[in-house]
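Enquirer: Counting from -12, one number per residue, gives the positions in the sequence shown under our numbering. Backbone N, C-alpha and C define an ideal beta-carbon position, used for all residues, glycine too. Note that the structure is a prediction, hence the values are computed from the model and not measured. Below is a structure I'd like to ask you about.
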Amino acid sequence: MASFATACRLSARLTSRQLRQDASARGFRTSTACLAAQNFTMPALSPTMTEGNIAKWAVKEGDSFSAGDILLEIETDKASMDVEAQDDGIMAKILQGDGTKGIKVGVRIGVLAEPDDDLSTLEIPAEENTSSSSPPKEEAKPAPSESKSEATPSKSSESKSYSSSAPAKKSSGPAKKQTYPLLPSVEHLMHEHNIDPSKIDEMTPSGPNNRLLKGDVLAYLGTISSSYPAELSSKISKLSHLDLSNIKLAAPAPKPAAEKAAASAPAPEPVKNLEVAVPISMKAVLEVQKRIQSTLGVFMPLSTFIARATEVANDDLPRSKSYKPTADDLFNSVLGLDKVTTSSGIRGSFLPQITALPSAAPRATFAKTPAKKSDIIDILSGKKASPTRLAGKPLPGLSNTVNVFSLTVPKGEEKRAQIFLDRVKTVLEAEPGRLVL
-12 MASFATACRL SARLTSRQLR QDASARGFRT STACLAAQNF TMPALSPTMT
38 EGNIAKWAVK EGDSFSAGDI LLEIETDKAS MDVEAQDDGI MAKILQGDGT
88 KGIKVGVRIG VLAEPDDDLS TLEIPAEENT SSSSPPKEEA KPAPSESKSE
138 ATPSKSSESK SYSSSAPAKK SSGPAKKQTY PLLPSVEHLM HEHNIDPSKI
188 DEMTPSGPNN RLLKGDVLAY LGTISSSYPA ELSSKISKLS HLDLSNIKLA
238 APAPKPAAEK AAASAPAPEP VKNLEVAVPI SMKAVLEVQK RIQSTLGVFM
288 PLSTFIARAT EVANDDLPRS KSYKPTADDL FNSVLGLDKV TTSSGIRGSF
338 LPQITALPSA APRATFAKTP AKKSDIIDIL SGKKASPTRL AGKPLPGLSN
388 TVNVFSLTVP KGEEKRAQIF LDRVKTVLEA EPGRLVL
């Protein structure tokens, strides 16, 4: 619908232009001849705008413009805005030039003419009087019966009789000129009682920043006491601030006796750790290691056997006394899965410390190196090159026969540690072959 309406306006505008061109070419007009020009006044760009400044004109005197063209730029205390032309026309005269400030809304700032008007014979209209008084109010409608109209007169007649019988009084106190736009309630009250705008400077404002309030107008009319607006304003100003002069700081509360007793109580002694040790022979592991190397040509170090034995021994250990169920355990107990599982143990995280017995110190192993090539000295002297034997280094902390596997655990974990070490001993001494795969 919006695009259709725009197309209609555009076609109407083009038709109007073509009609004017044809009319000027044939020597007749489509509008009444010798019409006066139109006044171009300061527009109100917002509901609260009362005056504005002309930043600059975008057209000059005698320039033609079309609808939508920018005529001038207006500045207010809030923003700067462009004023667009509503119809086609000619800027006949500019009365307020660039940089003019403090122009009231409705004051003439220029004169506009029609596109085909002759500016040399154009009649410049006079400026309209913007300070004319407001039109008189409509009289109250007569009541159906005379008795009822006499008993209950209308509100408008009451206000007229009040304004004529009770003359306005000057407010006590210094009156100040208003720099802000009047509030809607103040404007309504002034129109209701036919107060001339020139009387505003005679009223004493009591609002913030010397702004005129409705009570100030009522005090000027004598409806309320002249001192009431000032008293009410001072009362509101006093109540808007919190009075803390009579507030005293409370004494600090004494600390409870339980905290003193807890501070004086001795700290509990730390839990002592216990050491659990088991001697384990590595003879069977060495035999399996030698057999693998001779059969497959792969050397498996002793550390691999020990690591795999540790993994096997940590499976399905009994729970400790200080064990707390995890979220998975609680969830399984809610579903009843804790009764279905056959094993009630958990996986441990023990890592034994290995110490070689002093009596079973490892013997040095020797490795043969390939024979060196005979040089010229050996050939002349008749000596033959023989291979050298290098001593092999034993694994530190690990003996080829018996070693001590130990664990340091807190009190209450001795049973689990003993079970773990017994499993490691069984696997390394009786079943080392299961650690190969």
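1) If we ignore side chains and look at the alpha-carbon of each, how far apart do residue 219 and residue 230 end up?
2) Can you tell which of 191, 235 and 45 has its C-alpha closest to the C-alpha of residue 59?
3) By the DSSP assignment, the alpha helix (DSSP H) with residue 432 in it spans what residues?
4) Any idea if residue 24 is buried or exposed, counting beta-carbon neighbours within 10 angstroms, 16 or more meaning buried?
5) State the start and end residues of the unbroken beta strand (DSSP E) segment that holds residue 293.
6) Spatial neighbours of residue 36 within its chain, please: CB distance less than 7 Å, with the 5 preceding and 5 following residues excluded, ordered by chain position.
7) Suppose contacts are defined by Cβ-Cβ distances below 9 Å. Is residue 392 in contact with residue 335 by that definition?
8) By alpha-carbon positions, which one of 77, 56, 76 and 79 ends up nearest to residue 70?
9) Return the CA-CA distance between residue 191 and residue 183, expressed in angstroms with no decimal places.
10) Can you grab the Cα-Cα spacing for the pair residue 177 / residue 80, in whole Å?
11) In the structure shown, what three-state DSSP assignment does residue 26 receive?
12) I need the straight-line Cα distance from residue 202 to residue 194, nearest angstrom please.
13) Which two residues bound the contiguous alpha helix (DSSP H) that contains residue 202?
14) Residue 187 to residue 196, Cα distance in whole Å?
15) Count the other C-beta atoms from every protein chain shown that fall within 10 angstroms of the C-beta of residue 366, then say buried if there are 16 or more, exposed otherwise.
16) Between which two residues does the beta strand (DSSP E) containing residue 42 stretch?
17) Can you look up residue 334 in the DSSP assignment and give me helix, strand or coil?
18) Are the CB atoms of residue 397 and residue 274 nearer to each other than 9 Å?
19) With residue 393 as the anchor, note down where its beta strand (DSSP E) starts and where it stops.
20) In this structure, does DSSP put residue 31 in helix, strand or coil?
21) Under 9 Å, do residue 394 and residue 262 count as touching if we go by C-beta distance?
22) Let's test the definition: count the other Cβ atoms within 10 Å of the Cβ of residue 390 and tell me whether it reaches 16, buried, or not, exposed.
23) Give the DSSP bridge partners of residue 342, in chain order.
24) In whole angstroms, give me the CA-to-CA distance for residue 167 and residue 237.
25) Classify residue 77 as helix, strand or coil using the three-state DSSP reduction.
26) Where does residue 229 sit, in a helix, a strand or coil, going by DSSP?
27) Look at the alpha carbon of residue 400 and the alpha carbon of residue 308, and state the distance between them as a whole number of angstroms.
28) Within the same chain, show all residues whose beta-carbon is closer than 8 Å to that of residue 48, passing over the 5 residues directly before and after it, in chain order.
29) For the candidate residues 101, 94 and 105, whose alpha-carbon lies nearest to that of residue 113?
30) Identify whether residue 409 lies in helix, strand or coil by the three-state DSSP scheme.
31) Count the other CB atoms within 10 Å of the CB of residue 310; is the residue buried (16 or more) or exposed (fewer)?
32) Do you know whose CA, among 108, 235 and 271, lies nearest residue 414's CA?
33) What does the alpha-carbon distance come out to for the pair residue 204 and residue 68?
34) Buried or exposed for residue 421, please, with buried defined as at least 16 other CB atoms from any protein chain shown within 10 angstroms of its CB.
35) With which residues is residue 99 paired in a DSSP beta bridge?
Expert: A quick look at the data gives this:
1) On the sequence shown, position 232 is the one that residue 219 refers to. On the sequence shown, position 243 is the one that residue 230 refers to. Answer to the nearest angstrom: the Cα atoms are 18 Å apart.
2) Taking the sequence shown and counting its residues from 1, the one referred to as residue 59 is at position 72. Distances from the CA of residue 59 to each of 191, 235 and 45 were compared; the closest alpha carbon is that of 45.
3) The chain is shown from -12 up to 424; residue 432 falls before or after that span and cannot be answered.
4) As a position in the sequence shown, residue 24 is number 37, starting the count at 1. Buried, by the Cβ-count rule.
5) If you number the sequence shown from 1, residue 293 lands on position 306. Not the beta strand (DSSP E): residue 293 falls in the alpha helix (DSSP H), residues 289 to 300.
6) On the sequence shown, residue 36 is found 49 positions in, with the first residue counted as 1. Within the same chain, and ignoring the five residues on either side of residue 36 in sequence, the residues whose Cβ sits closer than 7 Å to its Cβ are 63 and 92.
7) Along the sequence shown, one-based indexing puts residue 392 at 405. Along the sequence shown, one-based indexing puts residue 335 at 348. No, they are not a contact pair.
8) For the purposes of this step, residue 70 is taken as residue 83 along the sequence shown, with counting starting at 1. Restricting attention to 77, 56, 76 and 79, the CA atom closest to the CA of residue 70 is found in 56.
9) Counted from its first residue, the sequence shown places residue 191 at position 204. Counted from its first residue, the sequence shown places residue 183 at position 196. Taking the straight line from one Cα to the other gives about 16 Å.
10) Translated into positions along the sequence shown, residue 177 becomes position 190. Translated into positions along the sequence shown, residue 80 becomes position 93. Residue 177 and residue 80: Cα-Cα distance of roughly 37 Å.
11) Here residue 26 is taken as the residue at index 39 of the sequence shown, counted from 1. Here residue 26 sits in strand by DSSP.
12) Against the sequence shown, residue 202 aligns to sequence position 215. Against the sequence shown, residue 194 aligns to sequence position 207. Going by C-alpha positions, residue 202 is about 9 Å away from residue 194.
13) What you label residue 202 is simply residue 215 of the sequence shown in a count that begins at 1. Looking at the DSSP string, the run of the alpha helix (DSSP H) that includes residue 202 is 201 to 208.
14) Locating residue 187 in the sequence shown gives position 200, where the first residue counts as 1. Locating residue 196 in the sequence shown gives position 209, where the first residue counts as 1. Approximately 16 Å, taken between the alpha carbons.
15) Here the question's residue 366 lines up with position 379 in the sequence shown. That one is exposed.
16) Position 55 of the sequence shown, counted from the first residue, corresponds to residue 42. Residues 38 to 44.
17) Translated into the one-based positions of the sequence shown, residue 334 becomes position 347. Judged by DSSP in its simplified three-state form, residue 334 adopts coil rather than helix or strand.
18) Numbered from its first residue, the sequence shown carries residue 397 at position 410. Numbered from its first residue, the sequence shown carries residue 274 at position 287. No, the pair does not count as a contact, with Cβ atoms beyond the cut-off.
19) Here the question's residue 393 lines up with position 406 in the sequence shown. Where residue 393 is concerned, the enclosing beta strand (DSSP E) stretches over 389 to 397.
20) Position 44 of the sequence shown holds residue 31. Of the three classes helix, strand and coil, the one that applies to residue 31 here is coil, per DSSP.
21) Here residue 394 is taken as the residue at index 407 of the sequence shown, counted from 1. Here residue 262 is taken as the residue at index 275 of the sequence shown, counted from 1. The answer is yes: Cβ separation under 9 Å.
22) Start at 1 with the first residue of the sequence shown, and residue 390 comes out as number 403. The residue in question, residue 390, is buried, as its Cβ has 16 or more Cβ neighbours within 10 Å.
23) Along the sequence shown, one-based indexing puts residue 342 at 355. Bridge partners of residue 342 according to DSSP: 391.
24) Taking the first residue of the sequence shown as position 1, residue 167 is located at position 180. Taking the first residue of the sequence shown as position 1, residue 237 is located at position 250. Distance from the CA atom of residue 167 to the CA atom of residue 237, rounded to whole angstroms, is 48 Å.
25) As a working mapping, residue 77 is identified with position 90 in the sequence shown. Strand at residue 77.
26) Taking the first residue of the sequence shown as 1, we reach residue 229 at position 242. Residue state, collapsed to three classes: coil.
27) Here the question's residue 400 lines up with position 413 in the sequence shown. Here the question's residue 308 lines up with position 321 in the sequence shown. Distance between the alpha carbons of residue 400 and residue 308 is about 8 Å.
28) Taking the first residue of the sequence shown as 1, we reach residue 48 at position 61. Counting only Cβ-Cβ distances below 8 Å, and skipping sequence neighbours, we find 78, 79, 80 and 81.
29) For the purposes of this step, residue 113 is taken as residue 126 along the sequence shown, with counting starting at 1. From the listed residues 101, 94 and 105, the smallest Cα separation to residue 113 is found for 94.
30) Indexing the sequence shown from 1 puts residue 409 at position 422. Reduced to three states, the DSSP call for residue 409 is helix.
31) Counted from its first residue, the sequence shown places residue 310 at position 323. Under this definition residue 310 is an exposed residue.
32) As a position in the sequence shown, residue 414 is number 427, starting the count at 1. Residue 271 is the option with its Cα nearest to residue 414.
33) Along the sequence shown, read from residue 1 onward, the residue named residue 204 stands at position 217. Along the sequence shown, read from residue 1 onward, the residue named residue 68 stands at position 81. Their Cα atoms are separated by approximately 35 Å.
34) Residue 421 sits at position 434 when you count from the first residue of the sequence shown. Exposed, by the Cβ-count rule.
35) Counted from its first residue, the sequence shown places residue 99 at position 112. According to DSSP, residue 99 bridges with 25 and 78.
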